[in-house]
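When we follow the numbering used here, the leftmost residue of the sequence shown carries the number 107, and every step to the right adds one. Positions of the beta carbon are idealized from the N, C-alpha and C atoms, including for glycine. First comes the structure, then the notes that go with it.
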Amino acid sequence: MKNNIAGRIRINAAGNDLYGFINALHSSSVKCSGQYVKKDIFYADIRRCDLKETEALASLYGISLSCAEYETISRKLRRYKKRLGIIFGVLIVVISSLYFSNVVVTIEINGNSRVSDKAILAALEELDIKKGTPLSSINFHHCENELRVMVQGVSWAAIRHTGNRVVVDVTEIVEKPEIELKRIPCNIISTKDAHITYTTVYDGMLMHKVGDYVPAGTLLVTGVTTDDTGHSTLHHAMGEIRGIYKETLTFTGEYSTEERTSTGKTETKRRLCLFSLEIPMYIRKTDFKDYDSSETESYLKLFGKQLPIGMKKEKLSETNIQPQTFTKEELSQKLMQKIYLYEKNFLHDKKILDRKITESDSDESLTFTVTYQLEGNIGTQREIFVK
């Protein structure tokens, strides 16, 4: 083990007065180990600090001396002693470790669902709990009490730290649930001119059967019922009434228009993030009058933990307003795309039985008139006003 840590040298000595050299070596301050003589050659291990004295004795007795140093930790350190970058790197790592272990590096918030992290972090920042704050300067008990007062919706808070990580546990105020007035007397009326295809009534009395044609505004399910004695009862009519109806929509596009397009020119702006600070790494301002931007960020990690040191990149893409002219085929494709998006967003809960598209063309625009035959829910609740 000592050969691996301290500087140790293996020597081989040969000469006419070999034993005189060995005796002189033993009489000196040189400490030898692992020594033996084989075929008139003396072998031994000495300390590196004794090498000069050993060489002087060998020269005095006319001894031929050869030596080789073991690969030890001290030898490796001497090999890199002039490489200042490694030394500075080690110092930076040590200083950084000491620094980051005594300041707030990350803040975790647990227990909130209605109160946003942003609101809690803003309150903590007012209490001087933010990235880079020395942990020794934080009065956690005081901050817990203040946080409950500063953030509306928080009934209890606990703040603790594990290493350089501050953990905030909160309990939100349990609000009184809203009482939904689901039993208000109401009817179900038709919102479409339709043929009824399906009926299901959970409460109330059905006024029309499957196959009937009902104009918009027709009473489908009544919330007022009368028994044999003439006594009237008010109900909150509930049910599902489906029917087949028509719906007509118009989609128009112009042959010549102005659209916002990319010029192909881009710029990237970088900002160095140190805790809550953002230091710009650029000098000149962008000369783009109009542009789209997208931002990405990346942070350094140490032992799997994210450090508050990183880089934000904002990519700017120049755009401008340019006139666009479309052919009839191109404009038709754009209108069909609009029709597809409308059906996907607004007709997804309805069954499309038929679709007819009529085209109206002029010198300036192209119009598609779409007539749908749909099957879907045609009823809506309307409150019954009683005295």
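Separation of residue j from residue i, as counted between CA atoms
{"i": "Ser219", "j": "Glu278", "result": "8 Å"}
{"i": "Met107", "j": "Asn208", "result": "For Met107, the predicted structure reports a pLDDT of 47, less than 50, and the residue's modelled location is therefore unreliable. A value from the coordinates is still provided. Their Cα atoms are separated by approximately 36 Å."}
{"i": "Ala120", "j": "Leu157", "result": "16 Å"}
{"i": "Lys315", "j": "Ile347", "result": "10 Å"}
{"i": "Arg254", "j": "Ala263", "result": "6 Å"}
{"i": "Leu472", "j": "Ile463", "result": "12 Å"}
{"i": "Cys173", "j": "Tyr125", "result": "18 Å"}
{"i": "Leu453", "j": "Leu233", "result": "51 Å"}
{"i": "Gln487", "j": "Arg289", "result": "12 Å"}
{"i": "Thr433", "j": "Ser466", "result": "15 Å"}
{"i": "Ser165", "j": "Glu159", "result": "10 Å"}
{"i": "Tyr176", "j": "Arg377", "result": "49 Å"}
{"i": "Glu161", "j": "Leu241", "result": "58 Å"}
{"i": "Phe194", "j": "Gly269", "result": "25 Å"}
{"i": "Thr356", "j": "Glu435", "result": "18 Å"}
{"i": "Glu360", "j": "Tyr397", "result": "25 Å"}
{"i": "Lys237", "j": "Arg390", "result": "29 Å"}
{"i": "Val221", "j": "Glu384", "result": "26 Å"}
{"i": "His267", "j": "Phe246", "result": "9 Å"}
{"i": "Thr331", "j": "Gly317", "result": "23 Å"}
Own chain residues within Cβ distance below 8 Å of residue i, not counting five before or after
{"i": "Thr123", "result": "Residue identity check: residue 123 is Asp in the sequence provided, not Thr. Within the same chain, Asp123 has close Cβ partners Tyr167, Gly168 and Ile169."}
{"i": "Ile235", "result": "Val210, Ile213, Ile244, Cys249, Ile265 and Val272"}
{"i": "Leu413", "result": "Phe206, Val211, Tyr405, Leu406 and Lys407"}
6 Å CB neighbourhood of residue i in its chain, flanking five on each side removed
{"i": "Ile573", "result": "Since the first residue of the chain shown is 107 and the last is 493, residue 573 is not available in this structure."}
{"i": "Thr212", "result": "Arg271"}
{"i": "Val327", "result": "Ile294, Val307, Gly310, Leu312, Ala343 and Gly345"}
{"i": "Met256", "result": "Ala229"}
{"i": "Thr358", "result": "Ser471 and Thr473"}
{"i": "Ser494", "result": "For residue 494 there is no data in the structure shown, the boundaries of the chain being 107 and 493."}
{"i": "Leu204", "result": "none"}
Element boundaries [alpha helix (DSSP H), containing residue i]
{"i": "Val255", "result": "Phe246 to Met256"}
{"i": "Glu435", "result": "Lys434 to Phe452"}
{"i": "Leu131", "result": "Leu124 to Ser133"}
{"i": "Ser165", "result": "Leu157 to Leu166"}
Under 8 Å between C-beta atoms of residue i and residue j
{"i": "Thr475", "j": "Thr354", "result": "yes"}
{"i": "Ser368", "j": "Thr431", "result": "no"}
{"i": "Ser479", "j": "Asp460", "result": "Going by the sequence as given, residue 479 is Gln instead of Ser. Cβ atoms of Gln479 and Asp460: closer than 8 Å."}
{"i": "Val260", "j": "Val276", "result": "yes"}
{"i": "Lys419", "j": "Thr392", "result": "no"}
Residue i: first and last residue of the uninterrupted beta strand (DSSP E) it sits in
{"i": "Leu230", "result": "Careful: Leu230 lies outside any beta strand (DSSP E), inside the alpha helix (DSSP H) at Asp223 to Glu232."}
{"i": "Ala264", "result": "Val260 to Thr268"}
{"i": "Gly370", "result": "Ser362 to Leu380"}
{"i": "His301", "result": "Ala300 to Asp309"}
{"i": "Gly140", "result": "Cys138 to Lys144"}
{"i": "Thr331", "result": "Val330 to Thr332"}
{"i": "Thr335", "result": "Run containing Thr335: none; DSSP gives neither H nor E here."}
{"i": "Leu408", "result": "Tyr397 to Leu408"}
{"i": "Val210", "result": "Counting along the chain, Val210 falls outside any beta strand (DSSP E), and DSSP gives it neither H nor E."}
{"i": "Val103", "result": "Since the first residue of the chain shown is 107 and the last is 493, residue 103 is not available in this structure."}
{"i": "Thr425", "result": "Lys411 to Thr431"}
{"i": "Val476", "result": "Ser471 to Asn483"}
{"i": "Ile147", "result": "Ile147 to Arg153"}
Whole-angstrom C-beta distance between residue j and residue i, which should lie under 8 Å
{"i": "Met417", "j": "Ser404", "result": "6 Å"}
{"i": "Leu406", "j": "Lys375", "result": "Not really, about 20 Å apart at Cβ, beyond 8 Å."}
{"i": "Ile152", "j": "Cys138", "result": "6 Å"}
{"i": "Pro291", "j": "Leu340", "result": "4 Å"}
{"i": "Ile484", "j": "Gly349", "result": "4 Å"}
{"i": "Tyr149", "j": "Asn118", "result": "6 Å"}
{"i": "Ile456", "j": "Glu481", "result": "Strictly speaking, residue 456 in this sequence is Lys, with Ile absent from that position. The Cβ separation is near 7 Å, so the contact holds."}
{"i": "Ile415", "j": "Leu441", "result": "Not confirmed; about 52 Å, so no contact."}
Cut-off 7 Å between Cβ atoms - residues of its own chain near residue i, not counting five sequence neighbours on either side
{"i": "Leu163", "result": "Phe127, Ala130, Leu131 and Ser134"}
{"i": "Tyr319", "result": "His301"}
{"i": "Arg366", "result": "Thr425 and Ile427"}
{"i": "Ser362", "result": "Pro429 and Thr431"}
{"i": "Thr477", "result": "Lys352, Thr354 and Lys462"}
{"i": "Gly329", "result": "Pro291, Cys292, Asn293, Gly310, Leu340, His341, His342, Ala343 and Ile490"}
{"i": "Asp299", "result": "Pro321, Ala322 and Tyr351"}
{"i": "Val136", "result": "Ile152, Asp156, Glu159 and Thr160"}
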